[in-house]
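The structure appears below as structure tokens.
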Amino acid sequence: MEELIKFVENEFVPKKDFPKFSAGDTITVYYEIKEGEKTRTQFFKGVVIQRRGSGATETFTIRKMSGTVGVERIFPINMPALQKIEVNKKGKVRRSRIFYFRGLTGKKARIKEVRS
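Under our numbering, read the sequence shown as residues 125 to 240, first letter to last.
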């Protein structure tokens, strides 16, 4: 059964070509919003907290600070409204899911940048 599901995902789910990113990276996600008849592009820039799932069901969570309030958003990789993803900074973290990042403020909330 699993083989059948994977076959259908590979054949019929359109794949978009996004850059490689992981937890700790700062990325900008551009996505389309429909408001009535009009569509516009909006972006969400923040730190990737986690990537979960695989194949067609893969999602990633981004966290940004809006003033003093933390805002998190979950994006499915195969969302049709996703237009592009830009990797702004590569971060060096030791975990694949950095939920501890939610409790950090100020200088402690910095992530070391990997220069390549």
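Just so you know, even glycine gets a beta-carbon here, dropped at the ideal spot from N, CA and C.
Assigned secondary structure, residue i (DSSP; H/G/I helix, E/B strand, else coil)
i, result
"Ile235", "coil"
"Leu206", "strand"
"Phe184", "strand"
"Glu159", "strand"
"Arg221", "coil"
"Ile173", "strand"
"Gly215", "strand"
"Ile201", "coil"
"Val132", "helix"
"Ile191", "It should be pointed out that residue 191 corresponds to Gly in this sequence rather than to Ile. In this structure, Gly191 counts as coil in the three-state DSSP scheme."
Minimum C-alpha distance to residue i - residue among the options
i, options, result
"Gly191", "Asn134, Gly230 and Ile235", "Gly230"
"Thr181", "Thr165, Arg226 and Met203", "Met203"
"Lys232", "Arg239, Tyr224 and Val238", "Tyr224"
"Val217", "Ser178, Lys236 and Glu126", "Lys236"
"Arg219", "Gln166, Arg164, Ser146 and Leu228", "Ser146"
"Glu159", "Glu210, Ile209 and Ala205", "Ala205"
"Ile157", "Gln207, Ile151, Glu126 and Ser178", "Gln207"
"Val238", "Glu161, Thr150, Leu228 and Lys188", "Thr150"
"Phe168", "Phe184, Lys162, Gly179 and Ser178", "Phe184"
Whole-Å CB distance - residue i paired with residue j, under 8 angstroms assumed
i, j, result
"Ile252", "Arg197", "As displayed, the chain neither begins before 125 nor continues past 240, which places residue 252 out of reach and without an answer."
"Val171", "Phe199", "That pair is no contact at about 13 angstroms."
"Lys130", "Gly179", "7 angstroms"
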